[in-house]
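**Q** Quick one: this structure, given as structure tokens, is what I'll be asking you about.
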Amino acid sequence: MTYNKKTESDMSEIDFYIEPLEYKKMLVESRAKIRGEFHQLLGGMCGEIYVYDQGEETWPRFQCVKVPKPLNDDPGYKKAIIRFIRELELQNSFYGSVFVCRAFDYNAIENTPSASYRYHDGDLAYFLKEKQPSRMSRLSLLAYACEGLMHCYSKGLIAHQDLKPANILVKDLNRQYAGLGDFDIYQFALIADFGLANASKDYGVFDGTRPYMAPEQWKREVLSSATDVFALGVIFYEMMTGGLHPVGIKLDQFWPEPQNGNSRKWTRSDSWQRWISGGCAITPVDNPIEPEILAFVKQMLSIDPEQRPKIQEVQQFLLECIKTECLQSSVRTENYINYYRRQFSNNGNQHRPVFLNSKFETLLSRFKS
0 MTYNKKTESD MSEIDFYIEP LEYKKMLVES RAKIRGEFHQ LLGGMCGEIY VYDQGEETWP
60 RFQCVKVPKP LNDDPGYKKA IIRFIRELEL QNSFYGSVFV CRAFDYNAIE NTPSASYRYH
120 DGDLAYFLKE KQPSRMSRLS LLAYACEGLM HCYSKGLIAH QDLKPANILV KDLNRQYAGL
180 GDFDIYQFAL IADFGLANAS KDYGVFDGTR PYMAPEQWKR EVLSSATDVF ALGVIFYEMM
240 TGGLHPVGIK LDQFWPEPQN GNSRKWTRSD SWQRWISGGC AITPVDNPIE PEILAFVKQM
300 LSIDPEQRPK IQEVQQFLLE CIKTECLQSS VRTENYINYY RRQFSNNGNQ HRPVFLNSKF
360 ETLLSRFKS
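Each residue of the sequence shown is one higher than the last, beginning at 0 in numbering that gives the first Met the number 0.
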């Protein structure tokens, strides 16, 4: 691939978004001072994410740089940048929990802001597919995810709006510490990507990722933490059935793009709306999960948000499931949760490092209108 060479004096005129991918990657790597081999480009509704692999022997293995995603009818990318800055400010207000993703650097990449994150051991979607974690690991990951969400709600989050495996990172402590033991509860979940967080209130945007959207998102009604509980119910079911969505399909074979010639039915919004209108029924499968878990997931997928369990009740149910499997694992999981909860409580509003504050203020001074 070829692209026009730019001199140093030309750099201020570069429009990052119109450049070819190879040149974008070069700009990201030089401006964000990122290391490792380019791994993949991820994209959601609100951002483009450049993921880099630092090698299997390096911890954390993955790092990523996020930039805002251009919007339609947005000359100069002003709306996209404003929303991205608002996302970073919101995420900064959640600082202090080990179960919430945090940026470690901020940079301007030509005409767009960026934030750098430790992508740790990949997102939950990657982790489930590549690592095939044990049942204990899956249950504890969800319990930790609940803790991250509870922290965010205590700091002003109304609804994440876009919970899905791709927006939950995994931090495997076994790669960081030796001799942790054989209890399979050392993979932490970190809530990430706040591009749509509180968007229904701030912008009148109710969108999310269709397979995980709650009925009230489709109906454009009031959203709350119950909206995220619905999405967690879908994720819970996926994790306990090897990737099946409650509609009865192996989701990664149909969404976001069908694989191996599969039908495009589930790429259309009307298919998901019909599932919602039908009461979010769970299609029977050959290898059903335990009746107790199935009944709880059904409650999480209730049409009426008031009928869904609270996030605290979801976490407690998960801890009880772990206790049923292994008492020692249960004790250790609860100890981790309580330790980090107390740590935040004792330290109050933890402050970001001075260096990071300075970088963020510099970013705001350039891009915040």
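For glycine and all other residues, C-beta sits at the position ideal for the given N, C-alpha and C. Small disclaimer: the values here were computed from a predicted structure and weren't measured.
#1: If I measure Cβ to Cβ from F253 and keep anything under 6 Å in the same chain, skipping five residues before and after, which residues do I get?
#2: I need the straight-line Cα distance from T6 to N110, nearest angstrom please.
#3: Looking only at C-alpha atoms, which of I80, K65, C63 sits nearest to N71?
#4: Since V27 and V64 should fall inside the 8 Å C-beta cutoff, what is the C-beta to C-beta distance between them, to a whole number of angstroms?
#5: Using 7 Å as the threshold, is the C-beta distance between M149 and V228 below it?
#6: From E305 to Q342, what does the alpha carbon distance come to, in whole angstroms?
#7: So, at 6 Å on beta carbons, what are the nonlocal neighbours of R174 in its own chain, with the 5 sequence-adjacent residues on each side left out?
#8: Roughly how many angstroms separate the alpha carbons of S223 and Q160, rounded to a whole number?
#9: With DSSP as the reference, please indicate the residues paired to C63 in a beta bridge.
#10: With 16 other CB atoms within 10 Å as the buried threshold, where does S153 fall?
#11: Between the Cα of T361 and the Cα atoms of L123, W217, R60, Y105, which residue gives the shortest distance?
#12: Looking at the structure shown, is G232 part of a helix, part of a strand, or coil, going by DSSP?
#13: If we count the other Cβ atoms within 10 Å of its Cβ and call it buried at 16 or more, is G203 buried or exposed?
#14: In the DSSP output, which residue or residues are listed as bridge partners for D122?
#15: Hey, is the stretch 119-134 in contact with the stretch 180-194, meaning 3+ C-beta pairs nearer than 8 Å?
#16: Could you check which residue in D251, G35, S92 has the C-alpha nearest to that of Y118?
#17: Return the bridge partner residues of N106 from the DSSP annotation.
#18: Taking the CB atoms as reference points, tell me whether V167 and A144 lie closer together than 7 Å.
#19: Taking a contact to mean a Cβ-Cβ separation below 7 Å, would you say E16 touches P67 in this structure?
#20: Using only alpha-carbon positions, find the residue among Y116, K128, V221 that is nearest to F193.
#21: Quick one: what's got a C-beta closer than 7 Å to L41's C-beta in the same chain, skipping five residues either side?
**A** Straight from the coordinates:
#1: N261, W265
#2: Confidence at T6 is low in this model, with a pLDDT of 46, below 50, so the placement of that residue should be treated as unreliable; the coordinate-derived value is given next. Cα to Cα, T6 sits roughly 16 Å from N110.
#3: I80
#4: 5 Å
#5: no
#6: 32 Å
#7: W58
#8: 9 Å
#9: V50, Y116
#10: exposed
#11: Y105
#12: helix
#13: exposed
#14: L168
#15: yes
#16: G35
#17: S113
#18: Checking the sequence, you will find Ile at residue 167 rather than Val. A contact, by the Cβ cut-off of 7 Å.
#19: For the record, residue 16 in the displayed sequence is Tyr; it is not Glu. For Y16 and P67, no; Cβs fall outside 7 Å.
#20: Y116
#21: I48, V50
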